[in-house]
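Colleague: Encoded as structure tokens, here's the structure I'll be asking about.
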DNA sequence: GTAGGGTTAG
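In the numbering used here, the protein residues as written are 6 to 515.
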């Protein structure tokens with residue numbers, strides 16, 4: 006309710022401001038608003054309502070044939086990109102009569118911010134060939150795309166390049182480099198950059214804290230946060246506390262996390278907790294096995310629980326096999342977020358783990374009835390600066406025959422060492438043998454296997470998955486690390502799993 | 001960021 010009100014007020018303010026700007030320009034020039042006026046106004050058209058306004062302005066611009074001006078063009082395409090209308094943004098970009106570094110950066114960052122990282126990278130390459138120039142903003146956007154792809158080698162290339170060019174606003178680039186290295190699984194590099202920064206912003210601290218958090222390094226998160234408080238130069242913000250709290254949760258520091266939250270409530274950190282911080286507490290309690298407490302906590306919160314928040318409690322119910330609360334929460338989730346396939350999967354797995362096969366079938370039927378589409382699972386691995394992407398039961402990779410042959414070998418070898426396929430990870434109604442086949446075809450297993458046959462012995466394997474990884478693949482990765490003496494870095498949708506000698510940094514809770 | 005593009009986010 007409040008949010009809606011705020012949105013309306015925001016739109017109203019933009020409108021008023023637009024009119025005032027027009028009026029002021031009329032006074033100043035005694036003629037019409039010029040292209041700069043439109044550019045300024047367009048850049049404030051964000052959010053749903055802003056987008057509608059932006060579209061109105063677009064048609065106004067077309068009527069006045071002002072859209073040929075580069076400033077208007079870049080703000081226009083940025084407005085579309087920020088509204089998630091990347092095709093419209095691209096259309097505007099392609100129709101520009103001239104291009105400069107800002108308009109090129111705007112379209113690249115548009116793709117990157119929507120998570121279309123491969124498209125962003127490809128466009129950057131193409132525009133480079135066509136002779137575009139780049140500056141620090143361009144590289145920051147490219148680094149965002151590389152972080153998303155976990156393209157470590159390419160990221161290093163960009164790093165070398167920006168060092169050679171001695172670009173201005175290096176702190177911004179260093180922030181993106183910290184983030185890039187951490188998302189590519191190389192925290193040592195992140196920390197090295199962080200330690201050598203002559204100056205830091207709150208984003209530098211946040212990027213480093215979030216890096217530790219995603220890697221499950223709770224102690225480092227708390228230590229770094231203490232350092233930040235002791236230095237007392239940069240004030241923590243809402244993102245800082247999110248990083249710290251989720252870091253405590255991922256890193257097994259439940260009690261420290263709860264203390265810090267308590268301090269937030271008492272106003273010590275100068276950041277008031279909002280719904281997402283409450284979400285972290287649910288996660289903290291859930292992880293510690295305090296599922297009932299987490300449930301009570303949600304009931305007493307000063308916020309309406311979001312789907313993400315229920316989802317986190319459902320995850321805890323699954324791990325700690327709390328069927329009573331899990332069932333309640335699961336059905337609640339299916340009500341408020343019926344389109345999210347993940348919810349059906351976790352609820353079904355919860356039923357499966359307690360042997361309630363009738364209910365498993367019920368959930369699966371519900372899923373079919375509502376025609377919920379599961380985002381196809383995809384994993385990739387970087388070998389020799391090339392990203393190799395795999396879909397489940399992939400038949401498209403040029404070395405697929407080798408991959409499948411190796412997979413068969415691994416399956417036999419791992420079973421001898423104690424690997425038991427977790428068939429509850431398969432939702433399809435097929436026989437056991439078929440289930441095992443589906444399970445072995447999971448994309449992260451294909452990527453891991455490809456990594457094993459295409460990298461040198463003992464080289465670490467860095468695999469990225471677009472969804473949350475399943476219990477069985479997690480287990481499979483443990484066997485890879487143990488039997489082949491490989492460090493495995495598995496980055497899933499939420500966080501990192503650093504698996505070494507059969508033990509994962511996540512402590513099997515994710 | 002000086003009329004347009006940027007870095008952190010359960």
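Ideal placement from N, C-alpha and C gives every residue a C-beta, glycine not left out. Nothing here was measured: the structure is a model prediction, and the numbers come from that model.
In this structure, does DSSP put residue 506 in helix, strand or coil?
Modeller: Three-state result, residue 506: coil.
Colleague: For the beta strand (DSSP E) containing residue 121, list its first residue and its last residue.
Modeller: Run containing residue 121: none; DSSP gives neither H nor E here.
Colleague: How long is the line joining the alpha carbons of residue 299 and residue 223, rounded to whole angstroms?
Modeller: Near 20 Å, if we compare the C-alpha coordinates of residue 223 and residue 299.
Colleague: Could you give the uninterrupted runs of the beta strand (DSSP E) lying entirely in the stretch 347-394, keeping only those of 3 residues or more?
Modeller: Counting only runs of 3 or more, we get 383-388.
Colleague: May I ask you to report which of helix, strand or coil DSSP gives residue 470?
Modeller: Looking at residue 470 - three-state DSSP - the assignment turns out to be strand.
Colleague: How big is the Cα-Cα spacing for residue 182 and residue 69?
Modeller: About 43 Å.
Colleague: Would the stretch 358-369 and the stretch 424-436 be scored as touching if the rule is three or more Cβ pairs under 8 Å?
Modeller: Counting Cβ pairs under 8 Å, three or more are found: they touch.
Colleague: For residue 373, count the other beta carbons within 10 Å of its own beta carbon; 16 or more makes it buried, fewer makes it exposed. Which is it?
Modeller: By the neighbour-count rule (16 or more Cβ atoms within 10 Å), residue 373 is not buried but exposed.
Colleague: Would you kindly work out how many angstroms separate the C-alpha atoms of residue 476 and residue 440, rounded to a whole number?
Modeller: Roughly 14 Å between the two C-alpha positions.
Colleague: Counting Cβ pairs closer than 8 Å, one from the stretch 164-178 and one from the stretch 133-144, do we hit at least three?
Modeller: Touching, per the Cβ criterion.
Colleague: What distance in whole Å lies between the Cβ atoms of residue 290 and residue 245, which are believed to be in contact at a cut-off of 8 Å?
Modeller: That pair is no contact at about 21 Å.
Colleague: Which class does residue 494 belong to by DSSP, given the choice of helix, strand or coil?
Modeller: Residue 494 falls in the strand class under three-state DSSP.
Colleague: Apart from the five residues just before and just after residue 517, which ones in its own chain have a Cβ nearer than 8 Å to its Cβ?
Modeller: Residue 517 falls outside the range modelled here, since the chain spans only 6 to 515, and no answer is possible.
Colleague: In angstroms, rounded to a whole number, what distance separates the CA positions of residue 44 and residue 325?
Modeller: Distance between the alpha carbons of residue 44 and residue 325 is about 54 Å.
Colleague: Applying the 10 Å Cβ sphere with the 16-neighbour rule, what's the burial state of residue 35?
Modeller: Its pLDDT being 48, under 50, residue 35 is placed unreliably in this model, and the value from its coordinates should be taken loosely. Exposed.
Colleague: Straight-line CA distance for residue 509 to residue 502?
Modeller: In a straight line, the C-alpha of residue 509 is about 6 Å away from that of residue 502.
Colleague: According to the Cβ coordinates, are residue 185 and residue 160 closer than 9 Å?
Modeller: Yes, they are a contact pair.
Colleague: Please determine, among 376, 235, 93, the residue with the shortest C-alpha to C-alpha distance to residue 344.
Modeller: For residue 344, the nearest C-alpha among the options comes from 376.
Colleague: So what does residue 501 bridge to, in DSSP terms?
Modeller: Per DSSP, 496.
Colleague: Between residue 219 and residue 225, what straight-line distance do the alpha-carbon atoms span, to the nearest angstrom?
Modeller: About 11 Å.
Colleague: For the candidate residues 130, 120, 74, 106, whose alpha-carbon lies nearest to that of residue 498?
Modeller: Comparing Cα positions, the closest option is 120.
Colleague: Give me the residue from 55, 256, 381 with the minimum Cα distance to residue 446.
Modeller: For the residues 55, 256, 381, the minimum Cα distance to residue 446 belongs to 381.
Colleague: Quick one: grab the DSSP three-state call for residue 396.
Modeller: The answer is strand: DSSP assigns residue 396 an E or B state.
Colleague: Over the uninterrupted alpha helix (DSSP H) stretch that includes residue 97, give me the two end residues.
Modeller: Looking at the DSSP string, the run of the alpha helix (DSSP H) that includes residue 97 is 91-100.
Colleague: Count the other CB atoms, across all protein chains shown, that sit within 10 Å of the CB of residue 286; report buried if there are 16 or more and exposed otherwise.
Modeller: By the 10 Å Cβ count, residue 286 comes out buried.
Colleague: What does a CB cutoff of less than 8 Å around residue 458 pick up in its chain, not counting 5 residues either side in sequence?
Modeller: Correct list, in chain order: 404, 407, 408, 411.
Colleague: Between residue 95 and the rest of its own chain, which residues show a CB-CB distance below 7 Å, the 5 nearest in sequence each way excluded?
Modeller: Within the same chain, residue 95 has close Cβ partners 112.
Colleague: Are there 16 or more other CB atoms within 10 angstroms of the CB of residue 307, so buried, or fewer, so exposed?
Modeller: Exposed: under 16 other Cβ atoms inside 10 Å.
Colleague: Mind checking which residues open and close the alpha helix (DSSP H) that includes residue 331?
Modeller: Start and end: 328-341.
Colleague: Please state the DSSP three-state secondary structure of residue 447.
Modeller: Of the three classes helix, strand and coil, the one that applies to residue 447 here is coil, per DSSP.
Colleague: Determine the closest residue to residue 189 out of 277, 74, 150, 448, with distance taken between C-alpha atoms.
Modeller: Per the Cα distances, 150.
Colleague: If you follow the alpha helix (DSSP H) that residue 83 is in, where does it begin and where does it stop?
Modeller: Note, residue 83: alpha helix (DSSP H), 75-87.
Colleague: My guess is that residue 85 and residue 97 are in contact by the Cβ rule of under 8 Å, so how many angstroms apart are they, rounded?
Modeller: Their Cβ separation, rounded to whole angstroms, is 6 Å, which keeps residue 85 and residue 97 in contact under 8 Å.
Colleague: Can the beta-carbon of residue 274 be found closer than 9 Å to that of residue 265?
Modeller: Cβ atoms of residue 274 and residue 265: closer than 9 Å.
Colleague: At the level of alpha carbons, what is the spacing between residue 292 and residue 100?
Modeller: Distance between the alpha carbons of residue 292 and residue 100: 52 Å.
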